[in-house]
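In what follows, a structure is listed as structure tokens, so that the remarks can point back to it.
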Amino acid sequence: MELNKNNDSQNFNNQILNNKVVVEESQTLLEESEEGLKEVKPIYGICMKCKQPRSHYQWCQPCERKQIEENLTKWTSGNKEIDEFLQETQLNSIKPQTFLEWIPFGKLENISILCTTSRSTVYSAFWKDGPRKWDQQNEQYKRSGIQVIIKLYKDSNDIDQINEILNELKIYLDCHAQECGFLFQFYGISKQPDSNDYFAVKQFPQNGSLLNYIPLNFDSLYWEMKLHLLLCLAEDLKVLHDAGYVHRYLHPSSVLVFDDNFCAIGTFSKCCKVSSNTEEIVGWYHYMAPEYLLQSPYTKSSDIYSFGMIMHTIGTGIIPHRPLCISQSLNLDICLGLRPHTPHNIPKSFKDLMERCWNTEPCLRPNIHEVYNVLLNLWSSIYHNNHLTSLNSKCIEFLVADNNEDYSKSNSQEIITQKPENNNLEPLEMIKYIRESSLVKVFNIDELTMMTPINNDKFCKISKATLKTKETNMIVVCRRIKCNQLDRPFFHELNKRKRLYLCLRILRVLGISLDKNTEEYLLVMQFADSGNLRWYLKDHFSKLTWNDKLKFSYQITEGIKYLHDEDICHQSLHSRNIVIHSNEAKIILYIMKSIETDYLSVSDEMIPYVDPKLLENQSYEYDKKSDIYSLGVLMWELTSGYPPFIYNEAENHLVIDLINGHREKSIPKTPNAYLDLYESCWDPEPNERPSINQVFSKLGKMYTQTNTNLKMSEIINLIKNNFLVRRIINIGELSDINGNTTWKKQAVIYKKYKFDQLNEAFIHELKMHRKLNFYSRFVQILGISLDESAEECLLIMQHAEDGNLRQYLKSHFLELSWDDKIKLSYQITEGIKYLHNEDILHQNLNPNNIVIHKNEAKIVLDFVKITESGYSSDYGMISYIDPKLLENYSYEYDKKSDIYSLGVLMWEITSGYPPKTENISKSHNIDGCRETPIPVEYLDLCESCWNNEPDKRPSISLVFNKLVEMNKNSASQFINLIKKHTRIINRNELLDMEKIDGGHFGIISKATTPLA
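For the sequence shown, UniProt numbering begins at 1 and goes up steadily by one.
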């Protein structure tokens, strides 16, 4: 398979995403016939000439063999061994990639040197004829000139030179005999007539070797591209290992880059089946496995070590200096564990795999299949996951890494030691294990000074301290944990903390220390200057405004939303586990909680926060709705200033009362919307409680209504600190090419917002939609840019090649079949269904917010919601607005309002033009005026969506299921349509029928028919 820009890279990506590789399968399948004999079953079609199964879409072995036999005497290399090798190869070839030719030197021109080493020189050249390629349309082979590289070995005699060439080509052919997917192509052998030097002719890499490519292109390489490059390289190495070879020479110079997405192993000259430990060690020492440097046999695990080093090169941009001579000290250091320094901003999942690859012990390294599968999982799940439901920790790691620019600032090396596996470790060994496992940072007890006990009650032992490090002095809090409490749940919770590090609403664990005197671990956390929420309300409640209380509710809910998005339940949500720092609320995760908790045994004052279902039934499983109950109680506490049921004397009575539905009384002057919300949170039935997205959305609406616009510097800081978009894009990076906006040479689209539209509501919408950026039905947000001269903010998004839905229908409507229209409706509905399943509303669904890319509909998420005045002013979009909102501005937008807009969009897809707006007014919609679509089944669905009464509109799931059913019936509808609009021709009307070669479609027929 050639790796050039003419190949369809998208097909390769699609097959990778289906957990496949590009595989050249064997030419036939053998099946048992009824008589018990083996028969050949074609899988690449039948050749029209010989009626035999093809061995490849573009290759019929019997026909090719016959033609090759006829041409064998028409060429010679001048060397018997080469002639026999090429003849045998051609006669046994089963696909174009294994057809090696004798290429006359006169067919090569514009030869220029590319690089030279002690063993070979590599040139570029233009092959005037080029390789044979099958022209499917004309059913014949064609040739066209291409750029190639030629490799000339500097051996002392012709025999060694020829052996080098033939050995490399034999390995290449052996690999293609396997399920080869991605090795680049050899074209054949040629000879320089003046010097009598033979050389191999290979595919030309547009970007040279990795050694040249990385320094020139690293700044523009995002992690998606880095992972894809390594995935391609792993595919090559997998093929090599599966064929029984080891490479033995894997380093940046031996890896070729064909474009920004594809690379391949470029030489097999050092490959062999079995390695000897008596050979002289030559190569690039940084990329050599320690056991090989110690004269042990070279194995597949040694290749994995080299692959890990290349991961470091591609991940960091650092290429270690290549020593000119053997360095015994370097050898010793590598064998003792010296490895390149890994910057802190390398994604942890990537770093973990890389360090496993370069483990000192070969048996502890993964095999190439595991390496490939891990890379495939990272690349596909982060960047190409159509069903991603959450912006999980791995996604965030890679997004954050894309925003850092200091990968290559350090060229230092570090010693990587092995991680102990024993769980029953002494305290000092446990600290060592935590450090080596990178669970958290480990501090020496001497770094913690001025330790003062605070809040040393029956709940926990906490101290305030000063942490003195080389970088800074900071005030922290230390939570003491007995050594015997470090069990499996502790490590699970500690590891989970790393996933939450980027959330500003979660109090960060900074590290851990060991107090040998008391035999206690100290969990070092951020300091909160105003203590926990219970203290804060006691000291400051009289000074708090309603806006302050609403802000704290909003921030606590934001933290719980982050947890729930990561499928984490808090399980201990009360006012002592909320702290206030710089007037901002943060959540403490109780790291010592057990997997199973006896909720009846918690303290009296914590019982009011516990879901009554847990008090009633100890087997009831804690879930997200249990957190929602606790959140509702916290919201009430913020209105009262004191804990719930503090005057209740009998604990047993309180538990019974809570189970029976008893709740705290509302505080006078609490806004009705807030009161209704927290009461819905503590509903006795969990299924009746709102989801965290619903709570966050409603609080966001209340909170943002009370806030004025923010300065642009504040907006940018909030976006950066909360990782709300991938990156901040300098306005100078955008350019206009032929009327299209481009960024980094790729076309993009953008939405403009005036500075005065950017407020807390804008930030809230970004937070609401943060985890949706990777779902296939939504247009991905690439970044945000500021145009200060125009006082505008540009939200930079994925390009859509066919524009928005209205533009698409205007240009393509006549070409659309009924199936196409159903497909568009289905895809839009699928996106809205995903939003509604997450309890998120779109609120501005119209054709401008639907785009078409590669015949797929995608939804643009609108982050500045339409205002009350906007409902009436935008007459072009008024047809898409729920009449209830036009009739009554106080009507609350809900899911059924999105359903109304969806119904109008579905009608527009069937008509090809927007709802008539010449004489439209609010009264038209309110009075029930609608457009009339067809056919009946679709009409019924549209009309049910735009019913005047929201309760009579279907849910998004019902709309989706009906469209799915229509899609299933589309085949029979299509047949009926054909019968209606075309003539049915009887078989006996077809004259002069003859079979022709249909390529990979097999045998097809052509015929004549009398004119009607």
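The beta carbon of each residue, even a glycine, is placed where N, CA and C say it ideally should be.
Cβ-based neighbour list, residue i, same chain, cut-off 8 Å, excluding 5 preceding and 5 following
{"i": "residue 276", "result": "With a pLDDT of only 46 at residue 276, under 50, the local geometry of the prediction cannot be trusted, and no value is derived from it."}
{"i": "residue 504", "result": "584, 586, 721 and 722"}
{"i": "residue 114", "result": "122, 123, 124, 149 and 208"}
{"i": "residue 640", "result": "664 and 667"}
{"i": "residue 842", "result": "832, 835, 849, 859, 861, 862, 898 and 901"}
Own chain, CB closer than 7 Å to residue i, minus 5 neighbours either side, in chain order
{"i": "residue 66", "result": "none"}
{"i": "residue 551", "result": "703"}
{"i": "residue 804", "result": "847, 848, 850 and 851"}
{"i": "residue 308", "result": "354, 357 and 358"}
{"i": "residue 401", "result": "223, 345, 346 and 347"}
{"i": "residue 731", "result": "785, 786 and 787"}
{"i": "residue 87", "result": "72"}
{"i": "residue 869", "result": "Note that residue 869 scores 44 on pLDDT, short of 50, meaning its location in the model is unreliable; the coordinates nonetheless yield the value given after this. Excluding residues within five positions, none has a Cβ falling inside 7 Å."}
{"i": "residue 83", "result": "76 and 77"}
{"i": "residue 893", "result": "841, 843 and 885"}
Limits of the unbroken beta strand (DSSP E) element including residue i
{"i": "residue 853", "result": "850-853"}
{"i": "residue 474", "result": "473-482"}
{"i": "residue 190", "result": "186-192"}
{"i": "residue 85", "result": "That residue, residue 85, is in no beta strand (DSSP E); its alpha helix (DSSP H) goes 80-92."}
{"i": "residue 511", "result": "509-515"}
{"i": "residue 233", "result": "Unbroken run through residue 233 is the alpha helix (DSSP H), 223-242; no beta strand (DSSP E)."}
{"i": "residue 110", "result": "108-116"}
{"i": "residue 528", "result": "Per DSSP, residue 528 belongs to no beta strand (DSSP E) and is neither H nor E."}
{"i": "residue 340", "result": "338-340"}
{"i": "residue 149", "result": "146-153"}
Buried or exposed (CB count within 10 angstroms, at least 16 for buried), residue i
{"i": "residue 687", "result": "exposed"}
{"i": "residue 632", "result": "buried"}
{"i": "residue 913", "result": "exposed"}
{"i": "residue 809", "result": "buried"}
{"i": "residue 937", "result": "exposed"}
{"i": "residue 957", "result": "exposed"}
{"i": "residue 143", "result": "exposed"}
{"i": "residue 299", "result": "buried"}
{"i": "residue 882", "result": "buried"}
{"i": "residue 643", "result": "buried"}
{"i": "residue 236", "result": "buried"}
{"i": "residue 880", "result": "buried"}
{"i": "residue 50", "result": "exposed"}
Span of the alpha helix (DSSP H) around residue i
{"i": "residue 904", "result": "895-911"}
{"i": "residue 1029", "result": "The structure shown does not extend to residue 1029, since the chain spans only 1 to 1012, so no value can be given for it."}
{"i": "residue 634", "result": "624-640"}
{"i": "residue 203", "result": "Element bounds for residue 203: not the alpha helix (DSSP H) but the beta strand (DSSP E), 197-203."}
{"i": "residue 369", "result": "368-383"}
{"i": "residue 97", "result": "That residue, residue 97, is in no alpha helix (DSSP H); it is neither H nor E in DSSP."}
{"i": "residue 177", "result": "158-177"}
{"i": "residue 316", "result": "300-316"}
{"i": "residue 206", "result": "Looking at the DSSP string, residue 206 is not in any alpha helix (DSSP H), and its letter there is neither H nor E."}
{"i": "residue 256", "result": "Note, residue 256: premise wrong, no alpha helix (DSSP H); beta strand (DSSP E) at 255-259."}
Chain C within 8 Å of residue i, Cβ atoms only
{"i": "residue 256", "result": "Structure shown: chain C not included; a single protein chain is present."}
Residue j beta carbon less than 8 Å from that of residue i
{"i": "residue 105", "j": "residue 191", "result": "yes"}
{"i": "residue 141", "j": "residue 133", "result": "yes"}
{"i": "residue 781", "j": "residue 795", "result": "yes"}
{"i": "residue 247", "j": "residue 174", "result": "no"}
{"i": "residue 763", "j": "residue 718", "result": "yes"}
{"i": "residue 101", "j": "residue 187", "result": "yes"}
{"i": "residue 509", "j": "residue 579", "result": "no"}
Close beta carbons around residue i, own chain, < 6 Å, minus the five adjacent residues each side
{"i": "residue 26", "result": "Because the pLDDT at residue 26 is just 35, under 50, the model does not fix this residue reliably, and the value given afterwards should be weighed accordingly. For residue 26, where only same-chain residues beyond five positions count, there are no Cβ hits under 6 Å."}
{"i": "residue 474", "result": "467"}
{"i": "residue 830", "result": "777"}
{"i": "residue 609", "result": "574, 630 and 633"}
{"i": "residue 635", "result": "553 and 678"}
Which parts of the stretch 728-759 are runs of the alpha helix (DSSP H), unbroken and 4 residues or longer, counting only runs that do not cross its ends? none
Kindly provide the ranges of any beta strand (DSSP E) runs that are 3 or more residues long and lie completely inside the stretch 785-836, ordered along the chain. 792-798
4 or more residues per run - each alpha helix (DSSP H) lying fully within the stretch 641-677: 651-659
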